[in-house]
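Asks: Structure in C-alpha cells, see below.
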Amino acid sequence: MIAGESIFNQNNGSLPEEVLLVRTIRRMLSYAVPYWQHLLVAVVTLTTLTVLGMVNPYFSGMLVDRVLKGGEKQLLLPICGGMLLVALARGVLRYIKGCQIERVGQGVIYDLRVSLYAHLQRLSFSYYDKVRTGELMSRLTGDVEALRVFFSDGILNLYECALTLVVVMVILLKMNTKLTLLCLSMSPFLAWVVFRFDSQIRPAYSHIRRQNASLSAVVQENIAGVRVVKAFAREQHEIDKFARENEKLWERVVYSADVRATYIPIMDLLSGFSSVAVLWYGGYQVIQGNLTLGSFVAFNSYIWSLIWPIRRLGHLVNLLEQALAAAERLFEILDTQPAIASPAGAVSRKVRGKVEFRNVNLHYGSADVLQDINLVVEPGTTVAIVGATGSGKTSLVNLIPRFYDVTGGQVLVDDVDVRDWDLGALRKHIGIALQETFLFSMPVGDNIAFGRQDASQTDIEAAAQAAQAHAFISDLPEGYDTFVGERGIGLSGGQRQRVAIARALLTDPRILILDDATSSVDMETEHRIQIALRSIMQGRTTFIIAHRLATVKDADIILVMENGRIVAQGTHDSLLLTSAIYNDIYQEQYREQERLRDLVQATGTTGGGVVG
C-alpha cells in the first residue's frame, strides 16, 4: 500500500469502540454547525410545541372535574376555545419546524456531498488502484441518504423524545408520586431491552451497508464490462454472481428485520404493562376517592405522552444506528489522506521541459516496478520507450506528472524535484494521451477542450487536425457538437484515441506524453499523425511509448526497458547494432512494416491494420 492512503475498513488506530462512537457522533453533529440559526429556530419551535402539548391533558381534566361533574357550564366554551387555539398554534409551529429542520438536513448533506466529491478528486492514483467504483457509488448515494434521513427526521425527534420525557415526568411527579413510580416500574427492563437492541442492530446495519456496496460494485463492473460478458457468453455466470451477492444482502437485511421484530414489540409490551398498571391503580384510587376522575383522565393523557417517546425509541435507535454506520463509512473516505499532494511553498512557474531521473526506484506492493533509472532529457528532446508488456514503460512516464511517488531517488522537472512542484502548475504543462482512452459524456468538442476551457473553436479544430481527427469529426451528425456516449461510446477505438491526442495537444504542453496513443489506428492514419506530430513536437519534450517501431524510430533517444530497468538507450541505428532486445523487436516487426509503409507512401493506398 502506498504510504499516506488507507483503504476501507481500516481500524482508526485501534481506538476503543466507545471513543470512536463518540467521535463519530460529534463529527456528524459538527456538520450542522453552519446551519445553527435554522437549527435553533427548529429547537425553539419544537420546545414550544412540546410545552403546548402538555396543555390539552390539563384542559381535559378541567373539563371532566369542573364542567361535566362540577356543572360550571360557562367554562365549556373557553376550554374548547383554548384547545382549538393550541391545535392551531401547534399546526403553525409544526410547519415552521418542518421547514427549518429540512433546511438543516439538506444543507448538511449538500456540504457533505461537496466535501466527499472534492476529497475524491484530490486522492491519488494509488487509491483508485485499490478501491472499487461500485463501493464508492454506494457510499456516495445510500450512505449519504441515511445521514439525510437522520438530520431531517431523527435528530429533532431524539430531542423531542428527551424533552417530552423530562417535562412529563415533572408534571406526573407533581400530580401523583405513587402513580408515577408505578408507571416507571418497567423502565429498568425497558432500558436493558434498548441496550440489547442497540448492541445487535448497529453491527447488523454495518454489515448491510458493506454488502450493499459489494452488490453495487458487482453491478457497476458488469455494466462496464457488458461487452466482454456477452463476447464470452458469460451472462449466466454474472447472473449467478449477482444472485450470490444479492442473497448475502437479503440474509443481512432479514437478520436486521428479525432483530427489530424481536425487540420493538418487547418495548411496546413493556410500555403497555405500564399503561395497564396505571389504569388499574389509578382506577382503584378514583374508586376510593383518593383521586378525582378529571385528574385521572389528565394523568392518563400524560402517560400516553410518556409512552409515545418510549415506543419511538426503537425507531429512533434504528435511525441513529443507520446514520452512524453510514457516517463511519463516509468518514473513512474523508480521513484518507492523499498520498500525493502539493507541499507548502510549492514551486509554481512555467515549465521549460527538462526531465531528469536520478537513481529512481519504484516499488508497488511487493513488486519492484522500476530499478536504478538514470536519465537526463533536455528540453525539446523526443524520447521513445520500447519493451515488453510489464517492463515498466508506463510506470516510468507516470512519475513525471507525479501520478505516483518514487520509493527511491528523484524525478526532476527543470532541476526541481517533482515533489516540490505545485501539482496544478506541473500538470498544467504536461499533456497526456493514454492507450486506455476515456471520453466524457459530452460533445466531442468539449472533450477536446477538457484541459483548456478557454479554447476557441479555431483552437479546437487546429488540435483535431493535428491529431488527424478533424475529418471524421466533421462527418459526425452535428460535427464538434455531436454528443458522445459514456466512455466515448459511438466512436471507434481509433477515433477515441485521436480525440485524446487532440485533447493533449490543445493544452500546448511543454512536456507531451503519448502512451501507446496510436495503437488503435490503422498504419496510414498513424503515419499521418506522426507527420503532424513532428512539427508539433518541435520545442517540446516528448515521451512516446509504442509497440510499433515505426512510431519511434525517428526519436532522438530510444530507451529499451526490461524488468523495470533501462537496459539500452540510443538512436534507432545505434540500437540495431548494440541491443539484442531492440534488434529482436526490429526483426520481428519492423522489416515487414517498413516495406508496407513505403508502399503506402508510394501509392497512397491503405496498408491495412486496425481501421480507426
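Per my numbering, the sequence shown starts with residue 47, numbered consecutively.
Ideal Cβ placement from N, Cα and C applies to all residues, glycine included.
#1: May I have the straight-line CA-CA distance separating Leu-325 from Pro-103, to the nearest angstrom?
#2: My parser needs the alpha helix (DSSP H) runs of 4 or more residues fully inside the stretch 177-258; what are they?
#3: Using the DSSP secondary-structure output, state which residues sit across from His-283 in a beta bridge.
#4: How would you write the range of the beta strand (DSSP E) that Arg-690 sits in, first residue to last?
#5: Rounded to the nearest angstrom, what separates Cys-126 and Pro-355 at their Cα positions?
#6: By DSSP, does Glu-507 sit in helix, in strand, or in coil?
#7: As a quick exercise: from Cys-229, Arg-149 and Gln-584, pick the residue whose alpha carbon is nearest that of Ser-321.
#8: Can you say whether Gly-438 is buried or exposed, counting buried as having 16 or more other CB atoms within 10 angstroms of its CB?
#9: Could you compute how far the alpha carbon of Glu-181 sits from the alpha carbon of Pro-447?
#10: Just to check my reading of the structure: Ala-479 and Ala-546 have Cβ atoms closer than 8 Å, yes? What is that Cβ distance to the nearest angstrom?
#11: Quick one: what does DSSP say Ile-557 is sitting in, helix, strand or coil?
#12: Thinking C-beta only, is Thr-440 closer than 8 Å to Met-169?
#13: What is the rounded straight-line gap between the Cα of Leu-193 and the Cα of Gly-107?
#14: Quick one: which unbroken beta strand (DSSP E) runs of 3-plus residues sit fully inside the stretch 598-627? Chain order, please.
#15: Could you check whether the stretch 66-82 touches the stretch 363-373, counting it as contact only if at least three pairs of C-beta atoms, one from each stretch, sit closer than 8 Å?
#16: Give me the Cβ distance between Leu-472 and Val-452, rounded to the nearest whole Å; I'm assuming they're in contact under 8 Å.
#17: For Lys-400, count neighbouring Cβ atoms within 10 angstroms of its own Cβ and tell me buried if that reaches 16, exposed if not.
#18: Suppose contacts are defined by Cβ-Cβ distances below 8 Å. Is Val-443 in contact with Ile-591 by that definition?
#19: Give every residue of the same chain whose Cβ lies closer than 8 Å to the Cβ of Gln-146, excluding the five residues on either side of it in the sequence, and list them in chain order.
#20: Note down, in chain order, each residue of its chain lying with its Cβ closer than 8 Å to the Cβ of Leu-186, except the 5 sequence neighbours on either side.
#21: What residue from Ile-254, Leu-605, Val-272 and Pro-384 has the CA that sits closest to Tyr-301's CA?
#22: Is the CB-CB distance between Ile-349 and Val-239 below 8 Å?
#23: Go ahead and pull the three-state DSSP assignment for Leu-485.
#24: Output needed for Tyr-81: all residues of its chain with C-beta closer than 8 Å, excluding positions within five of it in sequence on either side, in chain order.
#25: Does the distance from the C-beta atom of Glu-284 to that of Asn-268 stay below 8 Å?
#26: Which whole runs of the beta strand (DSSP E) in the stretch 283-320 are 3 residues long or more, in chain order?
#27: Would DSSP call Ile-446 helix, strand or coil?
#28: With Phe-589 as the anchor, note down where its alpha helix (DSSP H) starts and where it stops.
#29: Is Thr-617 closer than 8 Å to Ile-604 when the C-beta atoms are compared?
#30: Report the rounded CA-to-CA distance for Val-65 versus Tyr-174, giving the unit in angstroms.
#31: With a threshold of 16 other CB atoms inside 10 Å of the CB of Lys-143, please say whether the residue is buried or exposed.
#32: Just to check my reading of the structure: Met-659 and Leu-558 have Cβ atoms closer than 8 Å, yes? What is that Cβ distance to the nearest angstrom?
#33: By the three-class DSSP mapping on this structure, what secondary structure does Ala-369 have?
#34: Name the two residues that bound the continuous alpha helix (DSSP H) containing Ala-550.
#35: Drop a sphere of 10 angstroms on the beta-carbon of Ser-262, count the other beta-carbons inside from all chains shown, and report buried for 16 or more, exposed for fewer.
#36: Start and end of the beta strand (DSSP E) containing Asn-420?
Replies: Looking at the coordinates:
#1: Residue 325 sits at position 279 when you count from the first residue of the sequence shown. Residue 103 sits at position 57 when you count from the first residue of the sequence shown. For Leu-325 and Pro-103, the distance between alpha carbons rounds to 16 Å.
#2: With a minimum length of 4 residues, the continuous alpha helix (DSSP H) runs that stay inside the stretch 177-258 are 179-184, 190-195, 201-221 and 223-229.
#3: Position 237 of the sequence shown holds residue 283. DSSP output for His-283 lists no bridge partner at all.
#4: Since the displayed the chain opens at 47 and closes at 658, residue 690 lies outside it and no answer follows.
#5: Here residue 126 is taken as the residue at index 80 of the sequence shown, counted from 1. Here residue 355 is taken as the residue at index 309 of the sequence shown, counted from 1. C-alpha of Cys-126 to C-alpha of Pro-355: approximately 26 Å in a straight line.
#6: Counting from one through the sequence shown, the residue named residue 507 turns up at place 461. Helix, per DSSP.
#7: Numbered from 1 along the sequence shown, position 275 holds the residue referred to as residue 321. Answer by Cα proximity: Cys-229.
#8: As a first step, residue 438 is located in the sequence shown; it is residue number 392 there, counting from the start. In summary, Gly-438 is buried, with 16 or more beta-carbon neighbours lying within 10 Å of its beta-carbon over all protein chains present.
#9: Taking the sequence shown and counting its residues from 1, the one referred to as residue 181 is at position 135. Taking the sequence shown and counting its residues from 1, the one referred to as residue 447 is at position 401. Roughly 27 Å separates the two Cα atoms.
#10: Working through the sequence shown from its first residue, we reach residue 479 at position 433. Working through the sequence shown from its first residue, we reach residue 546 at position 500. About 5 Å separates the two Cβ atoms, so the contact holds.
#11: If you number the sequence shown from 1, residue 557 lands on position 511. The answer is strand: DSSP assigns Ile-557 an E or B state.
#12: As a working note, residue 169 is residue 123 in the sequence shown. As a working note, residue 440 is residue 394 in the sequence shown. The question names Met, but residue 169 in the sequence shown is Leu. Taking a C-beta distance under 8 Å as the contact criterion, Leu-169 and Thr-440 do not qualify as a contact pair.
#13: Translated into positions along the sequence shown, residue 193 becomes position 147. Translated into positions along the sequence shown, residue 107 becomes position 61. If you take the alpha carbons of Leu-193 and Gly-107, they lie about 42 Å apart.
#14: Look at the stretch 598-627 and you find these whole runs of beta strand (DSSP E), each 3 residues long or longer: 603-608 and 611-616.
#15: With the cut-off at 8 Å, the stretch 66-82 and the stretch 363-373 touch.
#16: Within the sequence shown, the letter at position 426 stands for residue 472. Within the sequence shown, the letter at position 406 stands for residue 452. Distance from Leu-472 to Val-452 at the Cβ level is roughly 15 Å; contact not present, criterion being Cβ atoms closer than 8 Å.
#17: Sequence index remark: in the sequence shown, residue 400 carries index 354 (1-based). Classification of Lys-400: buried, given that the 10 Å Cβ count is 16 or more.
#18: One-based indexing of the sequence shown puts residue 443 at position 397. One-based indexing of the sequence shown puts residue 591 at position 545. Inclusion of Val-443 and Ile-591 in the CB contact set at 8 Å is warranted, their separation being smaller than that value.
#19: In the sequence shown, counting from the first residue as 1, residue 146 sits at position 100. Non-local beta-carbon contacts of Gln-146 in its own chain, meaning distances under 8 Å to residues more than five positions away in sequence, involve His-84, Leu-85, Val-87, Ala-88 and Thr-91 in chain order.
#20: Translated into positions along the sequence shown, residue 186 becomes position 140. For Leu-186, same chain residues with a beta-carbon under 8 Å away, outside a window of 5 residues either side, are Arg-159, Leu-162 and Tyr-163 in chain order.
#21: For the purposes of this step, residue 301 is identified with residue 255 of the sequence shown, where counting begins at 1. That would be Ile-254, whose Cα lies nearest to the Cα of Tyr-301.
#22: Translated into positions along the sequence shown, residue 349 becomes position 303. Translated into positions along the sequence shown, residue 239 becomes position 193. No, the Cβ-Cβ distance between Ile-349 and Val-239 is not below 8 Å.
#23: Position 439 of the sequence shown holds residue 485. Coil, per DSSP.
#24: Position 35 of the sequence shown holds residue 81. Taken in chain order, the residues that qualify are Arg-149, Val-150, Gly-153 and Val-154.
#25: If you number the sequence shown from 1, residue 284 lands on position 238. If you number the sequence shown from 1, residue 268 lands on position 222. Here Glu-284 is near Asn-268, since their CB atoms are less than 8 Å apart.
#26: Restricting attention to beta strand (DSSP E) runs no shorter than 3 residues, the stretch 283-320 encloses none.
#27: As a first step, residue 446 is located in the sequence shown; it is residue number 400 there, counting from the start. In the structure shown, Ile-446 sits in coil (DSSP, three-state: anything other than H, G, I, E or B).
#28: Residue numbering aside, residue 589 sits at position 543 when the sequence shown is read from its first letter. That residue, Phe-589, is in no alpha helix (DSSP H); its beta strand (DSSP E) goes 587-591.
#29: Along the sequence shown, one-based indexing puts residue 604 at 558. Along the sequence shown, one-based indexing puts residue 617 at 571. Cβ atoms of Ile-604 and Thr-617: closer than 8 Å.
#30: Here residue 65 is taken as the residue at index 19 of the sequence shown, counted from 1. Here residue 174 is taken as the residue at index 128 of the sequence shown, counted from 1. Computed Cα separation, rounded: 30 Å.
#31: Taking the sequence shown and counting its residues from 1, the one referred to as residue 143 is at position 97. Burial call: buried.
#32: This structure cannot settle anything about residue 659, because the visible part of the chain is limited to 47 through 658.
#33: To locate residue 369, count along the sequence shown from 1; it is residue 323. Secondary structure at Ala-369: helix, using DSSP grouped into helix, strand and coil.
#34: The residue you call residue 550 lines up with position 504 of the sequence shown. DSSP places Ala-550 in the uninterrupted alpha helix (DSSP H) bounded by 539-552.
#35: On the sequence shown, residue 262 is found 216 positions in, with the first residue counted as 1. Burial check for Ser-262: the Cβ neighbour count within 10 Å reaches 16 or more, so the residue is buried.
#36: For the purposes of this step, residue 420 is taken as the residue at position 374 of the sequence shown. Asn-420: member of the beta strand (DSSP E) spanning 413-423, first to last residue.
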